[in-house]
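Novice: Take the sequence shown: its letter number 66 is residue 66 in the working numbering, and every next letter is one higher.
Just so you know, even glycine gets a beta-carbon here, dropped at the ideal spot from N, CA and C.
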Amino acid sequence: MKKIILAASILLMTLTGMSQSKEFAGAMGEALSQYATCKTVDDFQMLGNRFSLIADAEKTEWLPFYYHAYCYILMSFIEQSDAVKRDSYLDVAEKSINKIIALVPNEAEAFVLQSFYFTGRLVINPMERGQQYSMLAGQAVGKALSIEPNNPRAKVIKLQNDMGSAQFFGKDPKEYCPQALELLANWDNYKLKSPLYPAWGKDQVTEIVAGCK
1 MKKIILAASI
11 LLMTLTGMSQ
21 SKEFAGAMGE
31 ALSQYATCKT
41 VDDFQMLGNR
51 FSLIADAEKT
61 EWLPFYYHAY
71 CYILMSFIEQ
81 SDAVKRDSYL
91 DVAEKSINKI
101 IALVPNEAEA
111 FVLQSFYFTG
121 RLVINPMERG
131 QQYSMLAGQA
141 VGKALSIEPN
151 NPRAKVIKLQ
161 NDMGSAQFFG
171 KDPKEYCPQA
181 LELLANWDNY
191 KLKSPLYPAW
201 GKDQVTEIVA
211 GCK
């Protein structure tokens, strides 16, 4: 009888876990499908807050925190007129990034996002922040590449950083065009670990390649 009760308990726990997993995947998939319709700061804020609600319910999952931070970083790039607002969006993103790194300290995507965040800080005031945040962005993407050398988002962030700083070292940014062409050609060969994993970056590489012509 005890064995039957134990078996039933294990089965219930398994089914509950599967149900929660499906519910989580469904909520994430539905939220991710809305990215294509987001264009304004308000759009991304609403979507970011949706990911925040998922993160509150699934505190051990890093992906909701990732997309929450990603939304707020994008908001900082869309907002052009108010530097204080841009920094405030990045303040929100920073908190989620810190949670991601605490949850998955060996996940390359966490440091790709952190590098993107540092770039967001830099572009608000390049003259005053350039030295500090270019170094931090470089360190973060370097960490990502050390964990996963073939990560395409890490490669495109590094490529953008290198091309952006080329002029300050007397180099022609177009020297990096062969790297961009190779990255774009191989982009679709990278296999995502799950359908919920970050997949952005191809548009950025395509834009770089277009500028190389």
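My understanding is that L47 touches C71, with C-beta atoms under 8 Å, so please give their C-beta distance in whole angstroms.
Specialist: Taking the first residue of the sequence shown as 1, we reach residue 47 at position 47. Taking the first residue of the sequence shown as 1, we reach residue 71 at position 71. Correct: roughly 5 Å between the Cβ atoms.
Novice: So what's Q80 in DSSP terms, helix, strand or just coil?
Specialist: The residue given as residue 80 occupies position 80 in the sequence shown. Taken through DSSP and simplified to helix, strand or coil, Q80 comes out as coil.
Novice: Output the boundary residues of the alpha helix (DSSP H) element that contains Q34.
Specialist: In the sequence shown, residue 34 corresponds to position 34, counting from 1. Where Q34 is concerned, there is no enclosing alpha helix (DSSP H), given that its DSSP letter is neither H nor E.
Novice: Kindly list the residues whose CB is nearer than 8 Å to the CB of P64, restricted to its own chain and excluding five residues on each side of it in sequence; keep chain order.
Specialist: Counting from one through the sequence shown, the residue named residue 64 turns up at place 64. M28, F51, S52, I54, A55 and E58, listed in sequence order.
Novice: Determine the DSSP secondary structure at T60, reduced to helix, strand or coil.
Specialist: Numbered from its first residue, the sequence shown carries residue 60 at position 60. Coil, per DSSP.
Novice: Please check the pair A179 and A140, which I expect to be a contact at CB under 8 Å, by giving their CB distance rounded to whole angstroms.
Specialist: Taking the first residue of the sequence shown as position 1, residue 179 is located at position 179. Taking the first residue of the sequence shown as position 1, residue 140 is located at position 140. Reading the sequence as shown, one finds Gln at residue 179 and not Ala. With a Cβ gap of about 19 Å, Q179 and A140 do not count as contacting.
Novice: Note down the Cα distance separating V156 from S81, rounded to an integer number of angstroms.
Specialist: For the purposes of this step, residue 156 is taken as the residue at position 156 of the sequence shown. For the purposes of this step, residue 81 is taken as the residue at position 81 of the sequence shown. Roughly 27 Å between the two C-alpha positions.
Novice: Quick check: the Cα distance between G211 and M163, rounded to an integer number of angstroms?
Specialist: Counting from 1 along the sequence shown, the entry for residue 211 is found at position 211. Counting from 1 along the sequence shown, the entry for residue 163 is found at position 163. Taking the straight line joining both Cα atoms gives about 12 Å.
Novice: Is K143 near F111, with beta carbons less than 7 Å apart?
Specialist: To locate residue 143, count along the sequence shown from 1; it is residue 143. To locate residue 111, count along the sequence shown from 1; it is residue 111. Yes.
Novice: Could you spell out where the alpha helix (DSSP H) holding N186 opens and where it closes?
Specialist: By one-based count along the sequence shown, residue 186 stands at place 186. Start and end: C177 to N186.
Novice: Going by the beta-carbon positions, is the gap between Y190 and P152 smaller than 7 Å?
Specialist: In the sequence shown, residue 190 corresponds to position 190, counting from 1. In the sequence shown, residue 152 corresponds to position 152, counting from 1. A contact, by the Cβ cut-off of 7 Å.
Novice: Suppose the cutoff is 8 Å on Cβ atoms and the five residues either side in sequence are ignored; what does the same chain contact list for L214 look like?
Specialist: As displayed, the chain neither begins before 1 nor continues past 213, which places residue 214 out of reach and without an answer.
Novice: So which of D188, S194 and K193 has the shortest CA-CA distance to D222?
Specialist: Outside the shown range of the chain (1 to 213) lies residue 222, about which nothing can therefore be said.
Novice: Since A154 contacts I124 with CB under 8 Å, what's their CB separation in whole angstroms?
Specialist: Start at 1 with the first residue of the sequence shown, and residue 154 comes out as number 154. Start at 1 with the first residue of the sequence shown, and residue 124 comes out as number 124. Between I124 and A154 the Cβ distance is about 23 Å, and since that is not below 8 Å, they are no contact.
Novice: Does the distance from the C-beta atom of W62 to that of L103 stay below 7 Å?
Specialist: Working through the sequence shown from its first residue, we reach residue 62 at position 62. Working through the sequence shown from its first residue, we reach residue 103 at position 103. Taking 7 Å as the Cβ cut-off, W62 and L103 qualify as a contacting pair.
Novice: Let's test the definition: count the other Cβ atoms within 10 Å of the Cβ of K158 and tell me whether it reaches 16, buried, or not, exposed.
Specialist: By one-based count along the sequence shown, residue 158 stands at place 158. Burial call: buried.
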